[in-house]
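The sequence shown begins at 1 in full-length UniProt numbering and counts up by one.
Below is one structure, written out as C-alpha cells; the observations come after it.
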Amino acid sequence: MKKIAILPALAALMLSGCSVGKYEYSSEAMKRVDMNFTGIPTILGVGALGTSIPITPEYSLTAAHVAKLSMQRVKAYHPYCDLAIIYHKNDIKTLPKFRNGDIGEPVKMYGYSFITAMPVESSGVNLALTGIRNEWNKRPCVAMVSNAGVVKGMSGGAVYNKDDTIGGVIVGFTNEIKRHKNTAVPLKDVSLYLPYNDFKEWLSKTTT
C-alpha cells in the first residue's frame with residue numbers, strides 16, 4: 001500500500017492574483033460542469049460566477065462558498081469542508097462515477113472562468129495532501145495539491161482522474177505551500193481541490 005504523507009503546513013486559498021498555471025477554453029467542460037451565477041452578474045462575469053458538477057437529475061455538487069451566494073437552493077452543506085449540494089435540474093442519463101485519486105496521478109480540471117465566463121480546462125498531476133483551514137474548511141478537512149491550472153470562477157468545478165472518474169471538487173489555489181524543513185522546496189502556484197475521500201460518505205447519505 002502506498003503511503004501518503006500530509007504536508008504539515010496549512011494551505012491558504014487565493015492569496016493574490018486571479019489564477020495559477022495554464023488553462024484553456026474547453027468545449028468538453030460544457031459537457032461536464034455548469035456555470036452558476038452568484039448574485040448580480042457584472043461585466044464579463046467578474047466576481048459573479050462559480051461552477052457546479054451535475055451528479056443526479058436533481059442535484060449538483062459545488063463548493064460551499066459558491067452555493068452560499070448561488071441562485072440555486074441549497075440541499076446540504078458538508079459539516080467541515082467547502083462543499084455543498086444544490087438543487088439543479090440536470091439532463092443526465094448516466095450518473096458520474098467517483099474515485100479518490102493518488103499522488104502522482106494525472107488529473108484534468110473543468111470549470112468556468114470569471115474573467116470571460118467561458119468554459120475552461122487544465123491538466124496536471126496530484127502533488128501532495130495538505131491540511132486546509134479557513135472560513136469554509138475545518139479540521140479534519142484535507143485538500144489535494146495539484147499543478148493543474150485554476151482561474152477564479154472554477155471553484156466548485158470537477159477534477160477528473162485518468163479513468164474518467166471524478167476525483168474531487170476544485171476549491172481554489174495558493175501562491176505557496178511551505179513544506180517540512182527536511183523536504184524539497186515549497187510548492188508554489190498550485191491548485192487545491194477536495195478529494196473524494198473527504199466527502200464520500202456525506203455525498204452518499206445526502207443524495208440517497
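The beta-carbon is built from N, C-alpha and C at its ideal position, and this holds for glycine as well.
Simplified DSSP state of residue i, which is helix, strand or coil
i: LEU127; result: strand
i: PHE199; result: helix
i: LYS31; result: helix
i: SER26; result: coil
Cβ neighbour criterion (16 or more within 10 Å) applied to residue i
i: ILE92; result: exposed
i: GLU121; result: buried
i: TYR196; result: buried
i: THR208; result: exposed
i: LEU95; result: exposed
i: LYS162; result: exposed
i: ARG32; result: buried
i: LYS205; result: exposed
i: GLY101; result: buried
i: GLY104; result: exposed
i: PRO140; result: exposed
Supposed close pair residue i, residue j - CB separation, criterion 8 Å
i: VAL159; j: VAL169; result: 7 Å
i: GLU58; j: TYR87; result: 6 Å
i: LEU187; j: LEU127; result: 6 Å
i: LEU83; j: LEU194; result: 6 Å
i: THR38; j: LEU69; result: 4 Å
i: residue 274; j: VAL145; result: Summary: the structure shown does not reach residue 274, with the chain confined to residues 1 through 208, and so no result is reported for it.
i: PRO54; j: ASN90; result: 4 Å
i: ARG99; j: THR165; result: 4 Å
i: TYR110; j: GLY157; result: 5 Å
i: SER19; j: LYS152; result: 7 Å
i: ALA67; j: VAL171; result: Not really, about 12 Å apart at Cβ, beyond 8 Å.
Sequence-distant residues of the same chain with beta carbon closer than 6 Å to residue i, five excluded per side
i: MET35; result: LEU49 and TYR112
i: LYS200; result: none
i: PRO106; result: VAL125 and LYS162
i: LEU203; result: none
i: MET71; result: PHE37
i: THR51; result: VAL33, GLY111, TYR112, MET154, GLY156 and GLY157
i: LYS97; result: THR165
Chain-order list of residues whose beta-carbon lies under 7 Å from that of residue i (same chain, five-residue window excluded)
i: ASN147; result: GLY21, GLY124, VAL125, LEU127 and VAL190
i: HIS65; result: ASP82, TRP136 and SER155
i: ALA29; result: TYR110, GLY111, PRO119, VAL120 and GLU121
9 Å Cβ cutoff, residue i in contact with chain C
i: ALA128; result: Structure shown: chain C not included; a single protein chain is present.
8 Å CB neighbourhood of residue i in its chain, flanking five on each side removed
i: VAL46; result: Note that VAL46 scores a pLDDT of 47, beneath 50, so its modelled location is shaky; the value from the coordinates is reported in the next line. Cβ within range, chain order: PHE114 and ILE115.
i: SER26; result: TYR110, PRO119, VAL120 and GLU121
Could you give the uninterrupted runs of the alpha helix (DSSP H) lying entirely in the region 47 to 75, keeping only those of 4 residues or more? 64 to 67
Would you list, in sequence order, the uninterrupted beta strand (DSSP E) runs of no fewer than 3 residues that lie entirely inside the region 67 to 117? 74 to 77, 84 to 87 and 106 to 112
Go through the region 139 to 191 residue by residue and report every complete run of the beta strand (DSSP E) that reaches 3 residues or more, in order. 142 to 146, 158 to 161 and 166 to 177
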